[in-house]
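Undergrad:
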Amino acid sequence: MQPVTADTIQPDDEKWMRHAMVLAARAEAAGEVPVGAVLVANGEVLAEGWNLSICQHDATAHAEVMALRQAGQQRENYRLLQTTLYVTLEPCVMCAGALVHARIGRLVYGAADLKTGAVRSVFALLNDPRHNHQVAVTAGVLAEACSQQLSAFFARRRAEKKAARLAARSQSAQD
Numbered sequence: 009m010q011p012v013t014a015d016t017i018q019p020d021d022e023k024w025m026r027h028a029m030v031l032a033a034r035a036e037a038a039g040e041v042p043v044g045a046v047l048v049a050n051g052e053v054l055a056e057g058w059n060l061s062i063c064q065h066d067a068t069a070h071a072e073v074m075a076l077r078q079a080g081q082q083r084e085n086y087r088l089l090q091t092t093l094y095v096t097l098e099p100c101v102m103c104a105g106a107l108v109h110a111r112i113g114r115l116v117y118g119a120a121d122l123k124t125g126a127v128r129s130v131f132a133l134l135n136d137p138r139h140n141h142q143v144a145v146t147a148g149v150l151a152e153a154c155s156q157q158l159s160a161f162f163a164r165r166r167a168e169k170k171a172a173r174l175a176a177r178s179q180s181a182q183d
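In this text, residue positions in the sequence shown follow this note's numbering: the first is 9, and each later residue adds one.
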């Protein structure tokens, strides 16, 4: 099977990535890592998701999986043919596998994940010729903005942890 490629940016890609970034902000507001995903079919939102792993105590509650679950319920079918998934961060191994099984037509992601990315950064699972389905990929749409959203979250989290440690030390010194 020939690998499918799609690195051409489509006219609405930035629009939908901005939508995914709004969903990522919902995750952040809930104390989650800010990743958002929107699944689009025929120019309409089919499903949305954002990270909920911490809130739901569920390692599989990634933004992509949440969107796929919602879409499967909508369509009453796990096969989500002729859809495009927009996600702010390159999918991990679990999510990439779910995209293949769901038969997603196209993936568009923002920031690369140099630690666990399973599309291009660390692994290249979506276009492995041994799969029975190939997913077209467009990478780097609003990459800087998506990366900044994540970087700001982690910087803030590190600062909060540092402040908590300093407060605990100060309290210990006073006791």
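Beta carbons: idealized from backbone N, C-alpha and C, even for Gly.
To the nearest angstrom, report how far apart Leu115 and Glu152 are at their CA atoms.
TA: As a first step, residue 115 must be located in the sequence shown, where it is residue number 107. As a first step, residue 152 must be located in the sequence shown, where it is residue number 144. Cα-Cα distance, rounded: 18 Å.
Undergrad: Alpha helix (DSSP H) containing Leu31: first to last residue?
TA: The residue you call residue 31 lines up with position 23 of the sequence shown. Looking at the DSSP string, the run of the alpha helix (DSSP H) that includes Leu31 is Asp21 to Ala37.
Undergrad: Taking all protein chains shown into account, decide if Leu174 is buried (16 or more other Cβ within 10 angstroms of its Cβ) or exposed.
TA: Locating residue 174 in the sequence shown gives position 166, where the first residue counts as 1. Exposed: under 16 other Cβ atoms inside 10 Å.
Undergrad: Shortest alpha-carbon distance to Cys100 belongs to which of Val73, Leu88 and Arg34?
TA: For this step, residue 100 is matched to residue 92 along the sequence shown. Looking at the Cα atoms, Val73 is the closest of the given residues.
Undergrad: Note down, in chain order, each residue of its chain lying with its Cβ closer than 8 Å to the Cβ of Leu122, except the 5 sequence neighbours on either side.
TA: By one-based count along the sequence shown, residue 122 stands at place 114. These residues qualify, in order along the chain: Ser129 and Val130.
Undergrad: So, using beta-carbon positions, are Val143 and Leu133 closer together than 7 Å?
TA: Residue 143 sits at position 135 when you count from the first residue of the sequence shown. Residue 133 sits at position 125 when you count from the first residue of the sequence shown. Against a cut-off of 7 Å, the Cβ pair of Leu133 and Val143 comes out as no contact.
Undergrad: Compute the distance between the beta-carbons of Leu112 and Thr91, then report whether it is under 7 Å.
TA: Position 104 of the sequence shown, counting from 1, holds the residue named residue 112. Position 83 of the sequence shown, counting from 1, holds the residue named residue 91. Going by the sequence as given, residue 112 is Ile instead of Leu. If you check the CB distance, Ile112 and Thr91 come in under 7 Å.
Undergrad: If you count every other CB in all the chains shown that lies within 10 Å of the CB of Asp21, and 16 or more means buried, which is it?
TA: Numbered from 1 along the sequence shown, position 13 holds the residue referred to as residue 21. Looking at its Cβ environment, which holds 16 or more other Cβ atoms inside 10 Å, Asp21 is buried.
Undergrad: Enumerate in chain order the residues of its own chain whose CB-to-CB distance from Met9 is below 6 Å, with the five nearest sequence positions on each side excluded.
TA: Taking the first residue of the sequence shown as 1, we reach residue 9 at position 1. With a pLDDT of only 39 at Met9, under 50, the local geometry of the prediction cannot be trusted, and the value read off the model is given with reservation. Cβ neighbours of Met9 beyond the five flanking positions: Pro137.
Undergrad: So the alpha helix (DSSP H) Ala163 belongs to, where does it begin and stop?
TA: Position 155 of the sequence shown, counted from the first residue, corresponds to residue 163. Secondary structure note for Ala163: its alpha helix (DSSP H) is the uninterrupted segment Ala151 to Gln182.
Undergrad: From Gly39, His65, Leu76 and Ala49, pick the residue whose C-alpha is nearest to that of Arg165; which is it?
TA: By one-based count along the sequence shown, residue 165 stands at place 157. Answer by Cα proximity: Gly39.
Undergrad: Would Gly118 and Val149 qualify as a contact pair, given that the criterion is a beta-carbon distance under 7 Å?
TA: As a first step, residue 118 must be located in the sequence shown, where it is residue number 110. As a first step, residue 149 must be located in the sequence shown, where it is residue number 141. Taking 7 Å as the Cβ cut-off, Gly118 and Val149 qualify as a contacting pair.
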